Structures are given as structure tokens and as C-alpha cells.
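Reading through the C-alpha cells given below for one structure.
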Amino acid sequence: TDHNTIEGALRLRELADGFRVIVGEEISSRDGEIIGLFLEHPVPRDLSGEETVARIRDQGGLVTVPHPFSVNRRYHLRRPVLDRLRDRIDAIEVFNAREAFGHENRSAAAYAREHAILGAAGSDAHRAAEIGNAFVELPDFAGRDDFLSALAQGVVHGRLSGTAVHFFTRYDRFRKWLGRKSSTASR
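Those letters in the sequence shown? Residues 46 to 232, by my numbering.
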């Protein structure tokens, strides 16, 4: 999923020949990031967590919560919001490859088990080398509802990307910022 857009996923779905594409978006709600899967329309950013979930549901999408117990991210759902939304969450990311410490993933897995919420996994890749560091191996499925059944049978695989990836992300953001500054200055 991309942050706050589904354009790339829609384009990939158009181009995909025999390759299944689930259109999704990592939405920056006011309460933290929420992932919508099986979307047809983008969900606007900066809505409340409740409104974000409602917009995902209105289009038949699934609600997934990424990195809920992260200590190195500002934009994750905090525990009170997670608890408030719990009955409307289809899956929780129980393994995120970009977590700095393993206990964050263990806490997410324990929460999912305790509340009978399906587990998901994400590489959270910001660079090509990170793709595939976390995934769920699951049986074939035919659509949204079948996906949930398959996810319930899925096996989570993952390895942490390491702490250096966060340095590279900051470096990439800085380079992007510099590029914007230099293009503004040249006008």
C-alpha cells in the first residue's frame, strides 16, 4: 500500500496480466495510520479513526491496523483508539519488518490473539531491498470474503529490516526536500 493514494495500485491492476492486485491505501487519519484493502476509491487523510474506518467499510473494504505498538513511529494508532475501533478491525499487523525491536511485533500478536483479530504482516518497504521482508503465506482466494478465510489460515513470515533502514528513509526525505528547495530557488 502507498500512503494516502491508491493511484499506483489501480494502475498496477490495469497492467496486471494474471497477477492478483489488492488495491489498498495506508491512510493517515488524525488518530494514526489505518490500512484499507479492496478499495475502489481513495479515503481522504486527516479524518478521525472512526470516520476513516467508516469510509473503508462504505466501499466494502477491509480494515487493517499497521504497526500498532511501534515505539519508533509517530503515526500509529494509540492503544485507546485501537481499543475503541477493535470491533471494526479485520486484521492487525502482527509482524512489521521495519519495527526497531521484536517486542513491538510480539505485543501486536498478543493483542490480536487476545481479541480474536486476524494477523497480517508487512514489509513496510521504503526501498526495493526491503520488499518481501515480511509476508503472510496463505491459500488461494477469490475475493474479499475469501481473502479473510485464507488469512485465517495464513502463516506469517518475516525478518526485521534492521535499524539502518530508518536512517536511509530520513536521508531520502532530506534529498527530496533539497530537490524541492532547489527547484523553487531556480524559478
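In this text, a Cβ means the ideal position worked out from N, Cα and C, and glycines have one as well. Every value quoted in this text rests on a predicted model; they were computed, and no experiment measured them.
- Using a Cβ-Cβ distance cut-off of 8 Å, the segment 132-141 and the segment 161-178 are in contact, since at least three pairs of beta carbons, one from each stretch, lie closer than that value.
- Between the segment 87-95 and the segment 113-121 there are fewer than three inter-stretch CB-CB distances shorter than 8 Å, so the stretches are not counted as touching.
- 47 is the residue among 176, 74, 47 whose C-alpha sits nearest the C-alpha of residue 68.
- When rounded, the separation of the alpha-carbon atoms in residue 66 and residue 186 is 12 Å.
- The segment 147-157 makes no contact with the segment 100-109: fewer than 3 CB pairs, one atom from each, lie closer than 8 Å.
- Residue state for residue 192 is assigned as helix, using DSSP reduced to three classes.
- Bridge partners of residue 157 according to DSSP: none are assigned.
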